[in-house]
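Structure record follows, encoded as structure tokens.
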Amino acid sequence: MNLETSIGTIVAEAVKTLYALEIDANQIQLQKTKREFEGDLTVVIFPFVKAARKSPEQTGQEIGEFLQKNNPLISAFNVIKGFLNLSISQNYWIETLNEIHCNPSFGTKTATEDAKLMMIEYSSPNTNKPLHLGHIRNNLLGFSIAEIQKANGWKVVKTNIVNDRGIHICKSMLAWKLYGNGETPASSGLKGDHLVGKYYVVFDKAFKAEIKELMDKGLSEDEAKKSAPLILEAQKMLLAWENNDTEVRRLWETMNGWVYEGFDKTYKQLGVDFDKIYYESETYLEGKSEVERGEASKAFYRREDNSVWADLTGDGLDEKLLLRADGTSVYMTQDIGTAKLRYNDYPINKMVYVVGNEQNYHFQVLSILLDKLGFEWGKSLVHFSYGMVELPEGKMKSREGTVVDADDLMEEMIETARETSQELGKLDNCTPEEIEAIARMVGLGSLKYFILKVDPRKNMTFNPKESIDFNGNTGPFIQYTHARIKSVLRKAADQEIDFSSLTGTDFAISEKESYLIQVLTEFPAVVRQAGEEFSPALIANYIYELVKEYNQFYHDFSILKEENQTIKQFRLVLSESIAATIKTGMRLLGIDVPERM
RNA sequence: GGUCCUGUAGUUCAAUGGAUAGAACAAGUGUUUCCUAAACACUAGAUCCGGGUUCGAUUCCCGGCGGGACUACCA
1 MNLETSIGTI VAEAVKTLYA LEIDANQIQL QKTKREFEGD LTVVIFPFVK AARKSPEQTG
61 QEIGEFLQKN NPLISAFNVI KGFLNLSISQ NYWIETLNEI HCNPSFGTKT ATEDAKLMMI
121 EYSSPNTNKP LHLGHIRNNL LGFSIAEIQK ANGWKVVKTN IVNDRGIHIC KSMLAWKLYG
181 NGETPASSGL KGDHLVGKYY VVFDKAFKAE IKELMDKGLS EDEAKKSAPL ILEAQKMLLA
241 WENNDTEVRR LWETMNGWVY EGFDKTYKQL GVDFDKIYYE SETYLEGKSE VERGEASKAF
301 YRREDNSVWA DLTGDGLDEK LLLRADGTSV YMTQDIGTAK LRYNDYPINK MVYVVGNEQN
361 YHFQVLSILL DKLGFEWGKS LVHFSYGMVE LPEGKMKSRE GTVVDADDLM EEMIETARET
421 SQELGKLDNC TPEEIEAIAR MVGLGSLKYF ILKVDPRKNM TFNPKESIDF NGNTGPFIQY
481 THARIKSVLR KAADQEIDFS SLTGTDFAIS EKESYLIQVL TEFPAVVRQA GEEFSPALIA
541 NYIYELVKEY NQFYHDFSIL KEENQTIKQF RLVLSESIAA TIKTGMRLLG IDVPERM
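If you count by this note's numbering, then the first sequence holds residues 1 to 597, one letter each, in order.
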């Protein structure tokens, strides 16, 4: 039984005995005592004052006396206004630390044989442009959520759906064919995804020029967009693709191959991966046949122009197109097919889509459509809807060239970390490989922490110039603390001090130390909550608090110079437990922590 | 127009309905013969406006005002 439950139970007992008030133990409001007051844990008294028919102060006093008499864990108490502050005995904290220290998987669970399976879709790139800052948030959130759910005992399958077909893909193919002169990643030195992205932009420019020309000739903008030779050519190419035209298919495979090679590098650098990748080119046909099945079962209907629609007005939404008049599929069609295939492939208990909040409507509709098609899991899809990353000047727009490229950004962060390390001169006796590995850990740690510490549901601002920070509430601050603890532990090991466990428990510790243990004990609950709320930010903020507290301790107390051997051992055990928790917590965020930096 | 999200120091972020709204960066100042100063300490600075519910509201409800997203035979 943990501390909260045991205190909750005894408080419930107290109010029952004193005031004949029946209250459930987990309804008791408990909170960590604020720093400026004496105590560890606080009971909020206000809910009992009515039944007690006494002042909050008096009620608190009575409950406090009851608790102290009946629970040896409570060493002292005080009442301020309606708050009963309890001090917990030092022995409790010391023994708790020992338990934490002995538990290598503290805070996390491992999936059992019969654990439920969660599939998490994230990343979902288009093969016509390189990944940018928005994708970074998506990838980091998806990966971290997967780690967090695993730590909560789920089996997790990480999946990626690649938008590898469609008119937009044909655009870059066409531009390459027309203007590329056979350029390849090898011949140009460009990363594959960047090369293809370049031709997507080339297409857009040429297309715009054609539109302007046509408009100058008197066409309306809409007419111009529909009749520009380039777009007609792209549509022809899509049709050829759908008809398995050998030449088009070969070009498609070649260019997508370049892109995948590029994406793989980016994913690897970012430290994310997938267990199963789906491609829209392999799922869209399934979607089409599902829509046709839905039409046959009258869930959907066909219009005179031969297009297929779902009427969602009964659900408070509009009508939704599912197949175009020419029979080709749309985004929604493909997502239906992909969902079905996934449930065929895996015994999914929970399906989670990590997709930006701009697609809230899409997923609302998807869920309803799958339900209408008779899939009992349709309504249970979870859209993990996260906020956009904005730049100080507003939203990123690829066409206006204001996107922050993922590869460039990561490289920049690593370079800055490299320079900082060099300036501080702390790695002078490390090998070049070690220095490089640390620069990478710190640079990426800074970026990842910056993104993940923010509540995922909120939009966030990224300032390329100012957001790169290695001081304060940042990844490197946490990494630094870990490295510093490790350094102390190495020295202790050199001196052959045994800190494998506490040999005694009968000694006095400071408030700072017992507080640190208290913060440590919260870790499992934070991991659980982060899983329930899909929020890596909770873990990030928790670790920051732990680290900040530890740094104060480190500054004010000596570890290796402490003369009392028992206390020295205690501080080493405490430090090692904190280092382990930092490492576990950061691992849940997908951030590595170095042994030295 | 409709639906949804959002508004906290100069800036970027915190705060299960609880005590004097926390941090970090930026500004100003101090701490290194001492386990890593990428640290620690100090100073100054904020809940968009108006109602309501409550013993208590940044949080919940209603109404304004501001910002954003969606509302495509694009994905």
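Cβ coordinates follow ideal geometry from the N, Cα and C atoms, glycine included.
First and last residue of the beta strand (DSSP E) that includes residue i?
i, result
"Leu317", "It is not in any beta strand (DSSP E) - Leu317 carries neither H nor E in the DSSP assignment."
"Trp602", "This structure cannot speak to residue 602, because the chain is shown only from 1 to 597."
"Ile161", "155–162"
"Val403", "Looking at the DSSP string, Val403 is not in any beta strand (DSSP E), and its letter there is neither H nor E."
"Asn85", "83–88"
"Leu381", "Taken as a continuous stretch (DSSP letters only), Leu381 belongs to no beta strand (DSSP E), as it is neither H nor E."
"Gly356", "350–356"
Going by Cα to Cα distance, which pick from the options is closest to residue i?
i, options, result
"Thr474", "Ile591, Trp258, Asp428", "Ile591"
"Val519", "Ile578, Leu219, Ser297", "Ile578"
"Lys568", "Ala492, Thr266, Tyr550, Pro536", "Ala492"
"Pro229", "Leu86, Lys34, Leu178", "Leu178"
"Thr266", "Ala406, Asp345, Tyr122, Ser289", "Ala406"
"Ala206", "Asp193, Arg35, Leu174", "Leu174"
"Leu424", "Val403, Leu366, Arg596, Phe507", "Arg596"
"Val162", "Tyr278, Phe106, Val156", "Tyr278"
"Glu62", "Asn26, Lys16, Glu38", "Lys16"
"Glu113", "Asn459, Lys155, Tyr343", "Lys155"
"Arg35", "Thr566, Leu516, Glu532", "Leu516"
"Val202", "Ser220, Trp176, Gln479, Ser187", "Trp176"
"Glu210", "Ser220, Gly218, Lys225", "Lys225"
"Gly314", "Pro347, Gly294, Lys372, Thr283", "Lys372"
"Leu67", "Gln235, Glu22, Ala25, Ile7", "Ile7"
"Asp40", "Lys276, Asn78, Pro56", "Asn78"
"Thr566", "Val365, Ile509, Glu358", "Ile509"
"Leu317", "Asn344, Tyr361, Lys298, Ser329", "Tyr361"
"Leu607", "Lys171, Arg303, Gly218, Val272", "Because the chain here runs from 1 to 597, residue 607 falls outside it and cannot be looked at."
"Pro56", "Ile74, Thr42, Lys81, Thr33", "Lys81"
"Glu319", "Val291, Phe300, Leu86, Val330", "Phe300"
"Phe477", "Lys158, Ile582, Asn85", "Ile582"
"Thr333", "Gly294, Val355, Tyr343", "Gly294"
"Ile468", "Ile485, Asp494, Glu419", "Glu419"
"Leu312", "Val365, Glu393, Pro464, Val355", "Val365"
"Val272", "Phe375, Phe363, Tyr122, Thr283", "Tyr122"
"Asn234", "Asn244, Ala540, Val248", "Here the sequence assigns Ala to residue 234, which means Asn is not the residue at that position. Comparing Cα-Cα distances from Ala234 to each of Asn244, Ala540, Val248, the minimum goes to Val248."
Considering just the uninterrupted stretch of the alpha helix (DSSP H) at residue i, what are its terminal residues?
i, result
"Ala76", "Run containing Ala76: none in the alpha helix (DSSP H); it sits in the beta strand (DSSP E), 74–80."
"Met441", "432–452"
"Asp622", "What is shown of the chain runs 1 to 597, which leaves residue 622 out entirely."
"Lys268", "246–270"
"Glu62", "56–70"
"Ser227", "221–227"
"Gly425", "No alpha helix (DSSP H) holds Gly425; DSSP gives it neither H nor E."
"Arg587", "565–588"
"Leu546", "536–556"
"Lys561", "From DSSP, Lys561 is part of no alpha helix (DSSP H); its letter is neither H nor E."
"Met597", "Note, Met597: premise wrong, no alpha helix (DSSP H); not H, not E."
Per DSSP, residue i is paired with what?
i, result
"Gln31", "Thr42"
"Leu302", "Looking at the sequence shown, residue 302 is not Leu but Arg. BP columns for Arg302 point to Val308."
"Glu390", "Lys395, Thr461"
"Ser329", "Leu323"
"Asn91", "Paired residues: none, contrary to the question."
"Asn152", "Lys109"
Contact between the segment 129–148 and the segment 91–100 (3+ Cβ pairs under 8 Å): No, the segment 129–148 does not touch the segment 91–100.
At least 3 beta-carbon pairs within less than 8 Å: the segment 434–448 vs the segment 572–591: Below 8 Å, enough C-beta pairs join the segment 434–448 and the segment 572–591 to call them touching: three or more.
Segments assigned beta strand (DSSP E), at least 3 residues, entirely inside the segment 95–147: If we require 3 residues or more, the beta strand (DSSP E) runs fully inside the segment 95–147 come out as 117–121.
Complete runs of the beta strand (DSSP E) confined to the segment 275–299 [at least 3 residues]: Listed in chain order, they are 276–279.
Uninterrupted alpha helix (DSSP H) stretches inside the segment 486–531 (no shorter than 4 residues): Fully enclosed alpha helix (DSSP H) runs of 4 or longer: 511–521.
Stretch-stretch touch, CB-based, cutoff 8 Å, three pairs: the segment 197–217 with the segment 126–141: These segments touch.
Stretch-stretch touch, CB-based, cutoff 8 Å, three pairs: the segment 328–339 with the segment 286–295: Because the criterion of three Cβ pairs below 8 Å is met, the segment 328–339 and the segment 286–295 touch.
The segment 325–334 / the segment 304–313 touching (three or more Cβ pairs under 8 Å): Taking 8 Å as the limit for Cβ pairs, the verdict is that the segment 304–313 does touch the segment 325–334.
Stretch-stretch touch, CB-based, cutoff 8 Å, three pairs: the segment 501–508 with the segment 543–562: Output reads no: the segment 543–562 does not touch the segment 501–508.
Meets three-Cβ-pair contact criterion under 8 Å: the segment 378–389 and the segment 349–357: Below 8 Å, enough C-beta pairs join the segment 378–389 and the segment 349–357 to call them touching: three or more.
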